[in-house]
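Enquirer: My structure is below; once you've seen it, I'll send some questions.
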Amino acid sequence: MATIPKTASGIAAAITSKQITAREVIDSYLAQISARETDIHAFNLVTADAARAHADAIDADIAAGRPIGPLAGVPIAIKDNLCTHGIETTCSSKILEGWKPPYDATVVSRLRDAGAIMVGKTNLDEFAMGSSTENSAFGPTRNPLDTSRVPGGSSGGSAAAVAAGFAPVSLGSDTGGSIRQPAALCGVVGVKPTYGLVSRYGLCAYASSLDQIGPFATTVADAALITEVIAGHDAMDSTSIPQPAPALVASVSQGVVGMRIGRVTDLPAGAEPEVIARLNEAFAALEAAGATIVDVTLPSLSYALTAYYLIAPAEASSNLARYDGVRYGLRVNAVDTNSMYGATRAAGFGDEVKRRIMLGTYALSAGYYDAYYGKALKVRRLIAEDFERAYAQVDVILTPTSPVVAFPFGDKVDDPMAMYLCDIYTIPTNLAGHPAMSVPFGTGAHGMPVGIQVLAPALGEAPMFRVGGALENAAGGSK
Amino acid sequence: MTQDPLSSIIATDEQMLEGGWELIVGLEVHVELATKTKLFSGSPNRFGDEPNTNIDPVTLGLPGALPVLNKQAVELAMRIGIALNCDIQPCIFHRKNYFYPDMPKAYQISQYDIPLNIDGFLVLPSGTRVGVERAHLEEDTGKSTHVGGATGRIHGSDYSLIDFNRAGVPLVEIVSRPDIRTSEHAKEYVAELRAILEVIGASDAKMEEGSMRVDANVSVHKPGTLFGTRCEIKNVNSIRALGRAIDYEARRQIDVLDSGGSIRQETRHWDDAEGRTHTLRVKEDADDYRYFPEPDLVPLAPSAEWVQAVRDNLPMLPAARRTALSVLTGYDTQSEAVIVVVERGQHDYVQAVVDAGGDAVRALIYVQQGFADAGPVPAVPAADLAKLTVLERDAKLSATQAKTVLAELVEHGGGDAAAIAAAKGFEAMDTSTVEAMVDEAIAADPGAWAKYMAGDEKASGAIVGRVMKASQGKADGKIVTAIMQSRRS
Amino acid sequence: MSPSGTPISAVDVAKVARLARLDIDEAEVVHFTEQLAKVMGHFSDIDALDLSGVGPMTQPFPLVNVLREDVEQPCLDTDEVLAAAPSSDQSRFRVPPIIGLDD
Chain A
0 MATIPKTASG IAAAITSKQI TAREVIDSYL AQISARETDI HAFNLVTADA ARAHADAIDA
60 DIAAGRPIGP LAGVPIAIKD NLCTHGIETT CSSKILEGWK PPYDATVVSR LRDAGAIMVG
120 KTNLDEFAMG SSTENSAFGP TRNPLDTSRV PGGSSGGSAA AVAAGFAPVS LGSDTGGSIR
180 QPAALCGVVG VKPTYGLVSR YGLCAYASSL DQIGPFATTV ADAALITEVI AGHDAMDSTS
240 IPQPAPALVA SVSQGVVGMR IGRVTDLPAG AEPEVIARLN EAFAALEAAG ATIVDVTLPS
300 LSYALTAYYL IAPAEASSNL ARYDGVRYGL RVNAVDTNSM YGATRAAGFG DEVKRRIMLG
360 TYALSAGYYD AYYGKALKVR RLIAEDFERA YAQVDVILTP TSPVVAFPFG DKVDDPMAMY
420 LCDIYTIPTN LAGHPAMSVP FGTGAHGMPV GIQVLAPALG EAPMFRVGGA LENAAGGSK
Chain B
0 MTQDPLSSII ATDEQMLEGG WELIVGLEVH VELATKTKLF SGSPNRFGDE PNTNIDPVTL
60 GLPGALPVLN KQAVELAMRI GIALNCDIQP CIFHRKNYFY PDMPKAYQIS QYDIPLNIDG
120 FLVLPSGTRV GVERAHLEED TGKSTHVGGA TGRIHGSDYS LIDFNRAGVP LVEIVSRPDI
180 RTSEHAKEYV AELRAILEVI GASDAKMEEG SMRVDANVSV HKPGTLFGTR CEIKNVNSIR
240 ALGRAIDYEA RRQIDVLDSG GSIRQETRHW DDAEGRTHTL RVKEDADDYR YFPEPDLVPL
300 APSAEWVQAV RDNLPMLPAA RRTALSVLTG YDTQSEAVIV VVERGQHDYV QAVVDAGGDA
360 VRALIYVQQG FADAGPVPAV PAADLAKLTV LERDAKLSAT QAKTVLAELV EHGGGDAAAI
420 AAAKGFEAMD TSTVEAMVDE AIAADPGAWA KYMAGDEKAS GAIVGRVMKA SQGKADGKIV
480 TAIMQSRRS
Chain C
0 MSPSGTPISA VDVAKVARLA RLDIDEAEVV HFTEQLAKVM GHFSDIDALD LSGVGPMTQP
60 FPLVNVLRED VEQPCLDTDE VLAAAPSSDQ SRFRVPPIIG LDD
């Protein structure tokens, strides 16, 4: 039996050229899951039987000469806040435990049409609210590189799945950094596309104007490949950009000669020294590869955290109101409907979710709208304008993804503000709606991985992947 | 709804209520749009289907569902705006957040401070102009039925059942300014609005079926003072009930104020069987709706071309139709014949009869009397009806005979009026025969004739009745009257 | 700032918990108030900003007029949907008596 390739593109090529069968590939990955999943808990649900059946079906198609997709036989793990028809989708919350959606998210359909095989639904911070996956109602996920440490969040399960070799690629969602930060903490690639590039239909909403779906992968090229498959206009999402998916894989190996890379001189403080050291090495590497480094300032960046933690909870407080025990999910019985609401939501939601709902409700409430939510929307515009000015001078911007490397369990869970500060470098791009990706680049304290974040303007995925590819080369990481 | 304390609409003396009170009424009308599908998703917009069959992730508020705006709903909303003389402006949607079991998302997507249609007006047939503050788009809720209680209402029920077929149906909410001063005008407003909505194809607007729902905001005050505290009246299910409810509520408020009390701002429920309003809920406790712009939808800015196209293609409105019919026939726009014929959509048919050579007045009367159930395009060809009107006009048939022939035409969907008349042995009586009959009737009833001669018009009935009996209906009543008048003068 | 002068008070927390239909007991009110007040204390940084000339940004990517044709799409399977309901009866969703809410 041939060796199982470690990348999605490698697997797809090997299967299409019949060097290996889809079943061999899926069995290999399922074996890896069996070996380590108990330690890692990346998944809420492993769909082993369905995966094998799907693999067999693809092998039958290939044998019969029927057309197969560009990801035929590629195993993929899906974050458990993406609706999968007939397969439990919980958002890692008790309020949706056991719920099986009657429909598929658009990205899930597109991946299946491309031939990708879902191996399971991955763990997350409840309703995508968190930066460590410690807020999951079903227990945390452990960082595969050091199981005493968090994998990051909220897409901790998807990041860990790729880092642990449970799948070559996975899908997460990113509202304030929930793909990029766990990617950095687990030493894998993570991409948040331009807002509107990937359909949100079927993504259990956290913050509607900030949420985006994106891939985790072990290589930048794989991340580009998955982005290509899931991106592109969807009529079911009004905020979906009316353009087809861009071609992105080619950008990855284009190099950075002539590109201008922005260095933010007024970056908010708080990053560990080793993280800053890696960032400086990244700049040096890109310069050596033919790019120019240009200093830029983003003066409003320090207000991004405040704006985010008013806008996101406000939208979330409204998006999560539908979990009321009437039509689906948990219901705690009571003498009347009003009491039923209160009891159901108290039992079904964890503390962080409750905190954000209350914060968001407060920010929108009569008398406070202008002071809080209204103001935050204006700060958002200031941040977007800062970026616009910067991108007149540079093609991309580089920052650390996370100010810290993966931290031990329990370190920040009792101090919400400390946890929120994990997202200080990732939040601005969500507010602006821009794309950004995290590329592993060396290690920091305790030998844990450091991720470098590449930011680009709206629909700037191509320059973003060019720089990502170059960083990967410099880090010696492409396989 | 804004309240100008010093509105330019002031009640006339006849309109004032006893005791010097002025009634202030504003109406909020919700209208279900006649689209094929729902406002934000592709499930059918259909009444009467099995429960929870017209459902999709958006309708049910499932996790991950997203709204996409229905173009036809916008078209119809714009027609309403133009018909009500509104400005159409670029607009956005807002979320109105509150919990209720028939609200699948626990928020309603509506329009708040930047709605599609603003600053319009509706001129009532009787002439009063009522301002229309806004007409905006929003989605409908599901329907709940309450099981176990005595009255089928919430209080005392054991549980409730929810059907989401109606959830997501497109609504336009039309909010009037508080320019209405009498319950009659309120009824007129709703009737005219209904007629407009039907004519432009926006809605079938049936209060009894729930496709048009009316809430009345009622207050009273003494002229020259600020408007009084208003109460919102709900559960008004017919135009007649609207009038009764406003009259009751005005009286209730006046009684409270006259006895030194004050009006509490609240929502009241109209009980048609009992003929009174009850407190439903007190407004102070109302939910804070936490309106914010709907992030899942993008702004709506209809192009100038689209607005112009809606304007150009808008059918003639009832007011204009009544005017046209009035000009054609000489009947007043307020006359029952004109109102009824326009309401039925049969004005074009009357015009067609005239175009085919028919007599305008008789065409109007025949259509009013003979085509109650026929709909806008009666089966009787316009030319056939035209011929009948001419026969009566030329005194070849009496009015009574014409009516009989008309009934035949309607029953058979047309026919040759002259042939039908001949087959029935109808012919108008010649004038000299009628004169002789009039003289015989006068001789037979000198008492009635004396009264008539003295100017008592009602006394003519006795004479005319004798003539009609003697002629077995063949005498033309108008000719009889004309003869009598000439005998008198 | 809430009327009491602190960023968010226990009264505020109890009120928004009610608005959001979250049953929390007195101990939780105290606990959450402490945490939320600390978080909101950080948010006073935007009070220093001059936002007078700045328009709100509700959408990251400027789209306008996204509409769909008035054409029927396939519906969900009623049985599948009701099977997921906590309680149903005669093809309808069943809930306890609806009191304490708007009519």
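Residue numbers (numbering that gives the first Met the number 0), protein chains in the order written: chain A, 0 to 478; chain B, 0 to 488; chain C, 0 to 102.
Note that the Cβ used here is the ideal one computed from N, Cα and C, for glycine as well.
Since the model is a prediction, treat every value here as computed from it, not as a measurement.
Can you check which of these residues, A:Ala276, A:Ala284, A:Gly68, is closest to Ile116 of chain A by C-alpha distance?
Expert: Of A:Ala276, A:Ala284, A:Gly68, the residue nearest in Cα terms is A:Gly68.
Enquirer: Using a Cβ-Cβ distance cut-off of 8 Å, determine whether Asp55 of chain B contacts chain C.
Expert: Chain C, which has a Cβ nearer than 8 Å to the Cβ of Asp55 of chain B, makes this yes.
Enquirer: Here's a check: name, in chain order, each residue in its chain whose Cβ is nearer than 7 Å to the Cβ of Ala9 of chain C, leaving out the five neighbours to either side.
Expert: So the qualifying residues of the chain are Val28, Val29, Thr32.
Enquirer: Where does Gly4 of chain C fall in DSSP's three states?
Expert: Residue placement at Gly4 of chain C cannot be trusted, given a pLDDT of 47 that sits under 50; what the coordinates show is reported in the next sentence. Residue state, collapsed to three classes: coil.
Enquirer: For the alpha helix (DSSP H) holding Thr305 of chain A, just list the boundary residues, first then last.
Expert: From DSSP, the alpha helix (DSSP H) with Thr305 of chain A extends over 303-318.
Enquirer: Measuring only between beta-carbons, confirm whether Val50 of chain B sits less than 8 Å from chain A.
Expert: Residue identity differs from the one stated: residue 50 of chain B is Pro in this sequence, not Val. Taking Cβ atoms only, chain A never reaches closer than 8 Å to Pro50 of chain B, which makes this a no.
Enquirer: Rounding to the nearest angstrom, what Cα-Cα distance links Leu70 of chain A and Thr20 of chain A in this structure?
Expert: Distance between the alpha carbons of Leu70 of chain A and Thr20 of chain A is about 13 Å.
Enquirer: Helix, strand or coil: how does DSSP classify Val479 of chain B here?
Expert: Reduced to three states, the DSSP call for Val479 of chain B is helix.
Enquirer: Quick one, are the C-beta atoms of Phe408 of chain A and Val219 of chain A less than 8 Å apart?
Expert: For Phe408 of chain A and Val219 of chain A, no; Cβs fall outside 8 Å.
Enquirer: When burial is assigned at 16 or more other CB atoms within 10 Å of the CB, is Val471 of chain A buried or exposed?
Expert: The sequence given here places Glu at residue 471 of chain A; Val does not occur at that position. By the neighbour-count rule (16 or more Cβ atoms within 10 Å), Glu471 of chain A is buried.
Enquirer: Would you tell me roughly how many angstroms separate the C-alpha atoms of Thr57 of chain C and Leu376 of chain A, rounded to the nearest one?
Expert: About 6 Å.
Enquirer: Anything in chain C within Cβ reach of Ser202 of chain B, meaning under 9 Å, just list it in chain order.
Expert: Simply none; closest approach about 14 Å.
Enquirer: Grab me the residues of Thr140 of chain A's own chain with a C-beta within less than 6 Å of its C-beta, minus the 5 sequence neighbours each way, in chain order.
Expert: Result list for Thr140 of chain A: His40, Ala41, Asn122, Thr132, Pro150, Gly155, Gly156, Ala159, in chain order.
Enquirer: Taking the straight line between their C-alpha atoms, what separation do you get for Val38 of chain C and Pro415 of chain A?
Expert: So the two alpha carbons sit approximately 7 Å from each other.
Enquirer: Do Pro298 of chain A and Asp413 of chain A have their CB atoms nearer than 8 Å?
Expert: For Pro298 of chain A and Asp413 of chain A, no; Cβs fall outside 8 Å.
Enquirer: Below 7 Å between beta carbons is the criterion; list the residues of the segment 214-244 of chain A that meet it against any residue of chain C, in chain order.
Expert: Under the 7 Å Cβ criterion, the segment 214-244 of chain A contributes Ala234, Ser237, Thr238, Ile240.
Enquirer: For Gly63 of chain B, count neighbouring C-beta atoms within 10 Å of its own C-beta (all shown protein chains included) and say buried if the count is 16 or more, exposed if not.
Expert: With 16 or more other Cβ atoms within 10 Å, it is buried.
Enquirer: May I ask you to report which of helix, strand or coil DSSP gives Ser334 of chain B?
Expert: Reduced to three states, the DSSP call for Ser334 of chain B is coil.
Enquirer: What first and last residue would you give for the alpha helix (DSSP H) that runs through Arg277 of chain A?
Expert: Its alpha helix (DSSP H) spans residues 272-287.
Enquirer: Determine the extent of the beta strand (DSSP E) in which Pro391 of chain A is found, giving its start and end residues.
Expert: According to the sequence displayed, residue 391 of chain A carries Ala and not Pro. Taken as a continuous stretch (DSSP letters only), Ala391 of chain A belongs to no beta strand (DSSP E), as it is neither H nor E.
Enquirer: Which residues does DSSP list as the beta-bridge partners of Leu170 of chain A?
Expert: A:Ile77, A:Pro214, per the DSSP bridge assignment.
Enquirer: If you count every other CB in all the chains shown that lies within 10 Å of the CB of Glu17 of chain B, and 16 or more means buried, which is it?
Expert: By the 10 Å Cβ count, Glu17 of chain B comes out exposed.
Enquirer: What are the start and end residues of each continuous alpha helix (DSSP H) run of 4 or more residues lying completely inside the segment 387-432 of chain A, in chain order?
Expert: Runs found: 415-419, 426-431.
Enquirer: So, with DSSP's three-state summary, where would you put Gly189 of chain A?
Expert: Of the three classes helix, strand and coil, the one that applies to Gly189 of chain A here is strand, per DSSP.
Enquirer: Using the C-alpha atoms, what's the distance from Glu183 of chain B back to Gln2 of chain B?
Expert: Confidence is the limiting factor: at Gln2 of chain B the pLDDT is only 47, short of 50, which leaves the residue's position unreliable, though a coordinate-based value still follows. So the alpha carbons of these two residues sit roughly 21 Å apart.
Enquirer: Does Gly223 of chain B pass the burial test, meaning 16 or more other C-beta atoms within 10 Å, or should it be called exposed?
Expert: Exposed, by the Cβ-count rule.
Enquirer: Where does Ser159 of chain B fall in DSSP's three states?
Expert: Looking at Ser159 of chain B - three-state DSSP - the assignment turns out to be strand.
Enquirer: Could you tell me how far apart the beta carbons of Leu503 of chain B and Ala215 of chain B are, in whole angstroms, since I believe they sit closer than 8 Å?
Expert: The question about residue 503 of chain B has no answer, for chain B in this structure spans 0 to 488.
Enquirer: On the three-state DSSP scale, how would you describe Asp286 of chain B?
Expert: Asp286 of chain B falls in the coil class under three-state DSSP.
Enquirer: Would you list the residues sitting across from Tyr106 of chain B in a DSSP beta bridge?
Expert: Beta-bridge pairing links Tyr106 of chain B to B:Asn96.
Enquirer: Classify His53 of chain A: buried if its beta carbon has 16 or more other beta carbons within 10 angstroms, exposed otherwise.
Expert: Buried is the call here.
Enquirer: Does Thr57 of chain C have its Cβ less than 8 Å from a Cβ in chain B?
Expert: Yes, its Cβ sits closer than 8 Å to a Cβ of chain B.
Enquirer: Which residues bound the beta strand (DSSP E) around Asp270 of chain B?
Expert: Element bounds for Asp270 of chain B: 265-270.
Enquirer: Quick one: which unbroken alpha helix (DSSP H) runs of 4-plus residues sit fully inside the segment 406-443 of chain B? Chain order, please.
Expert: Taking only runs of at least 4 residues, the alpha helix (DSSP H) segments lying wholly in the segment 406-443 of chain B are 416-422, 430-443.
Enquirer: With DSSP as the reference, label Ile10 of chain A as helix, strand or coil.
Expert: DSSP places Ile10 of chain A in helix when its eight states are reduced to three.
Enquirer: Taking C-alpha atoms, which residue in A:Ile260, A:Ile423, A:Asp221 lies nearest to Ser252 of chain A?
Expert: Of the listed residues, the one whose Cα sits closest to Ser252 of chain A is A:Asp221.
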